[in-house]
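In my numbering, the protein residues as written are 30 to 680. Every residue, glycine too, gets a C-beta built ideally from N, C-alpha and C. Encoded as structure tokens, the structure appears first; notes follow it.
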């Protein structure tokens with residue numbers, strides 16, 4: 030996501046050097062001397078800081094426009110669209126890369142109002158500004174509200190000065206003290222509510238809401254100390270930390286997203302303004318720590334909300350996070366896994382196939398059945414009409430065999446070209462792998478991309494009219510989304526039905542940090558319909574045989590507490606096994622520093638038996654044994670962005 034995933038997390042993000050920006054409006058530097066500078070200094074506009082560490086004390090001591098006048102006490106500047114002149118402050122940081130260059134400057138003499146920020150960004154477009162950190166400046170320009178991603182994206186705005194000119198009055202000035210972000214300064218309540226409407230015009234209450242606190246610090250120097258990493262370093266050179274280390278920690282050092290009511294207010298993204306050649310960005314995993322002080326201006330972007338743009342980076346302490354390995358299934362246990370392999374195509378490097386294969390063989394102990402998600406067609410993202418995925422699946426199964434695993438067979442159904450969503454041209458779909466030495470697949474002809482599989486009776490038991498077959502593919506619930514794949518298997522004489530799923534993504538949802546609160550989760554509507562369709566199909570299986578063994582698995586793109594999961598399990602026809610894990614282990618995906626659940630394995634009542642399902646392996650007397658195997662989501666080096674899961678069931 031997740032936090033919710035504001036957009037599909039795999040929709041293309043631009044790199045540090047190609048960040049989307051406003052239309053270019055280069056600034057210019059005006060050099061003046063004499064009475065203007067003398068008057069500014071004499072008026073006390075550029076004196077040393079008087080604020081304490083929280084930036085709440087001091088007085089303005091001037092009659093002209095100050096930065097806090099520009100920022101105001103709401104999210105929108107009261108001076109938006111107007112020209113301001115000779116606004117004083119000290120340059121605290123410079124963005125000298127990309128197309129959105131500029132500098133932050135901060136008033137060292139705050140007004141004493143906790144709601145008003147004392148800093149603002151000066152946007153200079155593709156031109157690097159001719160200032161130096163520590164310069165005392167007088168800036169003139171137009172007050173602008175910039176919406177990252179465009180106003181329709183639903184994000185908050187950034188107050189800026191554009192078309193700016195400035196005068197450097199002096200250099201080498203001390204910087205204002207950084208505001209420390211911690212459990213005392215960040216409220217646990219995340220955001221004010223406006224019944225889904227914009228909160229832009231609401232007065233900021235930084236002592237009550239974390240989003241208001243962040244907004245009241247927009248552009249200002251902030252700091253975190255000894256910050257635990259809760260989101261691993263991405264390919265875009267950013268990571269997430271928590272400023273509240275005791276709140277909702279997972280068993281492996283992350284921060285657990287367990288309800289809509291608590292998105293974990295202490296999460297902060299960290300990026301860097303330092304030249305990478307001078308200070309390489311740390312490659313961190315979840316559970317590591319940025320020791321010491323990490324400090325810089327607080328920015329806001331369309332890739333993850335508020336971000337500390339570091340001019341000072343703490344030292345990475347590697348806490349030695351290890352990839353998990355589940356136990357091997359016993360002779361009498363059926364092992365069923367689900368794994369989102371993230372846009373797998375033959376064009377991917379062989380190393381990706383090898384890593385996925387190694388995970389299946391070693392970390393997942395060669396499951397008997399694997400439900401795969403995001404298997405692309407044989408031409409990958411090339412939009413050439415190809416829909417077959419035989420080359421993709423052969424390359425994966427060959428890699429598994431080479432890694433010492435079983436010679437998996439596969440079953441899948443090619444989608445109609447361009448109708449299942451995902452990366453354009455990729456035609457992603459779900460597929461089954463199975464080990465024929467341990468389990469048999471019941472092939473029943475008739476399954477294709479548009480024909481709905483039916484539940485029939487066979488010798489007094491439920492069966493599928495087509496295997497593999499697609500569940501209700503004409504239902505509007507599956508528009509531009511992957512259709513569930515149903516397969517009938519036999520293990521030690523027991524008939525087992527597995528339904529592989531990949532529900533629609535959270536693309537289009539408003540983010541946790543949206544200016545609309547509470548944020549709209551529009552993608553939930555389709556997942557609710559998808560859940561109903563699968564729930565109905567499971568009920569048909571159970572109506573034909575109340576003891577039918579049914580496994581629903583896959584990337585459902587939603588949380589265990591979501592309406593979609595409530596719909597999917599309604600009537601008691603399925604048990605979501607993630608709910609039976611200890612709370613600190615309920616996650617398999619990390620988004621914006623939140624460890625969360627998107628993938629699930631659910632089982633019908635006959636599979637849970639008298640003892641019910643349980644989390645983690647190891648004790649006897651249980652028919653169902655379930656494990657989320659953490660090998661990807663918490664690591665900077667990933668074969669996929671999802672962690673796989675495995676269910677072991679004893680007939």
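Exercise. Express the C-alpha separation of residue 185 and residue 334 in angstroms, rounding to a whole number.
Key: As the crow flies, the alpha-carbon of residue 334 is around 8 Å from that of residue 185.
Quiz item: In three-state DSSP terms, what is residue 670?
Solution: The answer is coil: DSSP assigns residue 670 none of H, G, I, E or B.
Practice problem: Would you mind listing the beta strand (DSSP E) stretches within the stretch 576-636 that are 3+ residues and don't spill past its ends, in chain order? | Solution: For the stretch 576-636, whole beta strand (DSSP E) runs of length 3 or above, ordered along the chain, are 578-584, 618-620, 623-625, 628-632.
Exercise. Report the option in 282, 264, 429, 286 whose CA atom is closest to the CA atom of residue 666.
Key: The shortest Cα separation from residue 666 among 282, 264, 429, 286 belongs to 264.
Quiz item: Grouping DSSP H, G and I as helix and E and B as strand, with all else coil, what is residue 520?
Solution: Three-state result, residue 520: strand.
Self-check item: residue 257 burial status per 10 Å Cβ neighbour count (16 or more: buried)
Solution: That one is buried.
Self-check item: Closest Cα partner of residue 313 within the set 285, 332, 289, 270
Solution: Selected option, being the one with the closest Cα: 270.
Quiz item: Which word fits residue 307, buried or exposed, when buried means at least 16 other C-beta atoms lie within 10 angstroms of its C-beta?
Solution: It is exposed - the Cβ of residue 307 has fewer than 16 other Cβ atoms within 10 Å.
Quiz prompt | N-terminal and C-terminal residue of the alpha helix (DSSP H) that residue 553 is part of | solution = Counting along the chain, residue 553 sits inside the alpha helix (DSSP H) bounded by residues 553-573.
Exercise. Can you give me the Cβ contacts of residue 47 inside the same chain, cut-off strictly under 6 Å, excluding the 5 residues immediately before and after it?
Key: With a pLDDT of only 34 at residue 47, under 50, the local geometry of the prediction cannot be trusted, and no value is derived from it.
Self-check item: Residue burial classification, residue 661 (beta-carbon count within 10 angstroms, cutoff 16)
Solution: Counting of Cβ neighbours within 10 angstroms places residue 661 among the buried residues, the total reaching 16 or more.
Exercise. Could you check how far apart the C-beta atoms of residue 680 and residue 520 are, in whole angstroms? I think they sit under 8 Å.
Key: In this structure residue 680 is in contact with residue 520, their Cβ atoms being roughly 7 Å apart against a cut-off of 8 Å.
Quiz item: To which residues of the same chain is residue 425 closer than 6 Å at the C-beta, ignoring the five residues directly before and after it?
Solution: Cβ neighbours of residue 425 within its own chain (closer than 6 Å, five residues either side excluded): 382.
Quiz item: Does the separation of the CB atoms of residue 171 and residue 112 fall below 8 Å?
Solution: Yes, the Cβ-Cβ distance between residue 171 and residue 112 is below 8 Å.
Quiz prompt | residue 578 versus 146, 613, 388, 516, residue with shortest Cα-Cα distance | solution = Taking only the C-alpha atoms, the option nearest residue 578 is 516.
Practice problem: Evaluate contact between the stretch 142-159 and the stretch 97-107, counting only Cβ atoms and requiring at least three cross-stretch pairs below 8 Å. | Solution: Yes: at least three Cβ pairs fall under 8 Å.
Quiz item: Between the stretch 455-462 and the stretch 518-532, do three or more beta carbon pairs fall short of 8 Å?
Solution: The stretch 455-462 is in contact with the stretch 518-532.
Practice problem: Note down, in chain order, each residue of its chain lying with its Cβ closer than 8 Å to the Cβ of residue 490, except the 5 sequence neighbours on either side. | Solution: The answer, listed in chain order, is 524, 573, 574, 577.
Self-check item: Option nearest residue 157 by Cα separation, candidates 189, 176, 124
Solution: The option with the nearest alpha carbon to residue 157 is 124.
Quiz prompt | Residues that residue 318 bridges to, as DSSP identifies them | solution = In DSSP, residue 318 forms a bridge with 257, 346.
Quiz item: So what's residue 384 in DSSP terms, helix, strand or just coil?
Solution: Of the three classes helix, strand and coil, the one that applies to residue 384 here is helix, per DSSP.
Quiz item: In three-state DSSP terms, what is residue 87?
Solution: A caution first: residue 87 carries a pLDDT of 31, below 50, which makes its placement in the model too unreliable to give a value.
Exercise. Inspect the CB distances between the stretch 231-246 and the stretch 599-614 and report whether three or more fall short of 8 Å.
Key: No contact exists between the stretch 231-246 and the stretch 599-614.
Quiz item: With DSSP run on the structure shown, which of helix, strand or coil describes residue 392?
Solution: Collapsing the DSSP output to three states places residue 392 in a helix.
Quiz prompt | residue 250 - partner residues in DSSP beta bridges | solution = According to the DSSP secondary-structure assignment, residue 250 is paired through a beta bridge with 326.
Self-check item: Close Cβ partners of residue 392 (< 6 Å) along its chain, the five nearest in sequence each way excluded
Solution: Hits under 6 Å: 354, 658, 660.
Quiz prompt | Minimum C-alpha distance to residue 299 - residue among 251, 275, 287 | solution = Closest by alpha carbon: 251.
Exercise. Please determine if the stretch 421-438 and the stretch 372-380 are in contact, where contact requires at least 3 C-beta pairs separated by less than 8 Å.
Key: By the Cβ rule, the stretch 421-438 counts as touching the stretch 372-380, because three or more pairs are nearer than 8 Å.
Exercise. Go to residue 245, then tell me how far its alpha helix (DSSP H) extends in each direction, as first and last residue.
Key: Run containing residue 245: 239-245, per the alpha helix (DSSP H) assignment.
Practice problem: Could you tell me if residue 136 is buried or exposed, where buried requires 16 or more neighbouring beta carbons within 10 angstroms of its beta carbon? | Solution: Residue 136 comes out buried.
Exercise. Give the secondary structure of residue 189 by DSSP, where H, G and I count as helix, E and B as strand, and everything else as coil.
Key: Residue 189: strand per DSSP, three-state reduction.
Quiz item: Can residue 148 and residue 325 be called in contact, C-beta distance under 8 Å?
Solution: Annotated as distal: residue 148 and residue 325, with beta-carbon spacing of 8 Å or more.
Exercise. Out of 618, 476, 248, state which residue places its alpha-carbon closest to the alpha-carbon of residue 328.
Key: Measuring C-alpha to C-alpha distances from residue 328 to each of 618, 476, 248 identifies 248 as the nearest.
Self-check item: Whether residue 482 touches residue 495 by CB criterion (8 Å)
Solution: Contact annotation: residue 482 and residue 495 have beta-carbon atoms nearer than 8 Å.
Quiz item: Quick one, are the C-beta atoms of residue 675 and residue 364 less than 8 Å apart?
Solution: Cβ distance < 8 Å, so residue 675 and residue 364 count as in contact.
Quiz item: What residue from 95, 153, 132, 109 has the CA that sits closest to residue 146's CA?
Solution: If we check each option's Cα against that of residue 146, 95 comes out closest.
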